[in-house]
Structure formats: C-alpha cells, structure tokens
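Engineer: Below is one structure. I have some questions about it.
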Amino acid sequence: MSTKTSQIFRSNSMWKVLSFFLNHPSSEVYVKELARKLRMGPSGVNNTLRRLAKMGFLQRRKRARSHFYSLTNESSVIKQLKIALFLARLGDAGLVRRFLEVDDGLISLSVYGSYANGMFDEASDLDILLRSHRQKTEFGTIISVLEDSLGLNINVEIFSLAKWGRVKRENRGFYQEVTTNSILLYGSELV
Numbered sequence: 000m001s002t003k004t005s006q007i008f009r010s011n012s013m014w015k016v017l018s019f020f021l022n023h024p025s026s027e028v029y030v031k032e033l034a035r036k037l038r039m040g041p042s043g044v045n046n047t048l049r050r051l052a053k054m055g056f057l058q059r060r061k062r063a064r065s066h067f068y069s070l071t072n073e074s075s076v077i078k079q080l081k082i083a084l085f086l087a088r089l090g091d092a093g094l095v096r097r098f099l100e101v102d103d104g105l106i107s108l109s110v111y112g113s114y115a116n117g118m119f120d121e122a123s124d125l126d127i128l129l130r131s132h133r134q135k136t137e138f139g140t141i142i143s144v145l146e147d148s149l150g151l152n153i154n155v156e157i158f159s160l161a162k163w164g165r166v167k168r169e170n171r172g173f174y175q176e177v178t179t180n181s182i183l184l185y186g187s188e189l190v
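With the first letter of the sequence shown counted as 1, position 145 gets the number 144 in numbering that gives the first Met the number 0; the numbers rise by one all the way through.
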C-alpha cells in the first residue's frame, strides 16, 4: 500500500475523511461514529483512517476495543491544508466581496493569528485586519452576516494609513506579529 502524501488528492474518500478532521481539528472519533457522520461504509472509513494515520496526518489511539483518531495538528502539511481549506470557505462566504461592498476604497484586508498559521480549532476566533478610512460601525452588518455564515466569532481591527504608521512605531510587538504571520486577502502589503 502506498503512503505517499500526494495520494490524498487522488482519493475522494481519503479527502472526505481528512476534510472532516481539517474542519474539526480538535475532534477525536472512532470508526463507526465517523462512518455515520460522513455517510460512508465503516470498512472504507477504517481503511482510509489507517492510511491517513500511516501517513502521519492522524493519530490513532486504542481505548477498550475501539480505535480513536484525531488530527496531527503539529504537522506542517496539516497546518497548510487547514489554511487552504479555510481560505476556500472564506471565498465561498464572499468575505472580500462583502467588505468591498461597504468600502470600495479598502486599502487591504488580511487574516492574522491562528487562522493564518494553521493552529486554529473550533473555538478559535477569526482575526481580520483592515486598512481603511471607514469606521468599524460601518462594517457591523457585514461582520454579523459573515459570523452567521462561517459559524465563527470575528474580531476586526481597522486602521487608517496614519494609524497603522503609529502602530508600527508604538506597538512593535503587534506590528511584527501581524506582518510576519498574516495572509493578505486583498490590497497592498502591510509593510
């Protein structure tokens, strides 16, 4: 049996199982439970889980007579897959388009924090940094709609260009964190 990492992209069942864990990174499930959730046969799910564990994407733990599986969140490949899948969700939710509907002069829109480094879980908040000349209250409706659509709490920080320049000078820690650990979704670079 091949355990090449690229195999996950060629197998629909493998991608379906892995996607469950990428969307539920702190979950631990056993074979029959996952088969029910994904509406797949238990033997196929069992084989897929074993292959993903052999590849190092999942951790396998035996308890009583059942094997429980969870995501290997520390894996650099898993972190990048979590980010890619989440960015696809943001695209499906129309995140950039919705912010541009409020401010067509938006300078930049970035995601930072745990969603930018792949260390997020189901309880994580989405941190967004906007560089805009608009006030936060103008984005309130869009933020609420996106929170409902994504099922997440969203924290938005808004900075004008002048205010962002002050952050660079006066709050180096935050500035460094955001500029080195963010994903630019729209507009000009943060530095």
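Virtual Cβ for every residue (Gly too), placed ideally from N, Cα, C.
1) Are Arg130 and Ile106 closer than 8 Å when you measure CB to CB?
2) Looking at C-alpha atoms only, which residue of Glu121, Gly43 and Leu84 is the closest neighbour of Glu27?
3) Given a threshold of 16 other Cβ atoms within 10 Å of its Cβ, counted over all protein chains shown, does Ser25 qualify as buried or as exposed?
4) Anyone know if the C-beta pair for Val44 and Val16 falls short of 8 Å?
5) So what's Phe138 in DSSP terms, helix, strand or just coil?
6) Distance, Cα to Cα, Ser113 vs Thr178?
7) Leu151 to Leu184, Cα distance in whole Å?
8) Mind checking which residues open and close the alpha helix (DSSP H) that includes Arg171?
9) With DSSP collapsed to three states, give me the class of Arg64.
10) Beta-carbon separation of Lys81 and Phe119 under 8 Å?
11) Could you round the C-beta distance between Ala87 and Ser181 to whole angstroms and report it? I think they count as a contact, below 8 Å.
12) With DSSP collapsed to three states, give me the class of Gly186.
13) Is Ser32 helix, strand or coil by DSSP?
Structural biologist: The structure says:
1) yes
2) Glu121
3) exposed
4) Yes.
5) Reduced to three states, the DSSP call for Phe138 is helix.
6) Whole-angstrom Cα-Cα distance: 14 Å.
7) 18 Å
8) Arg171 to Thr179
9) The answer is coil: DSSP assigns Arg64 none of H, G, I, E or B.
10) Closer than 8 Å, so yes.
11) Between Ser181 and Ala87 the Cβ distance is about 18 Å, and since that is not below 8 Å, they are no contact.
12) Here DSSP, grouped into helix, strand and coil, assigns Gly186 to strand.
13) First, the amino acid is wrong: residue 32 is Glu here, not Ser. Helix, per DSSP.
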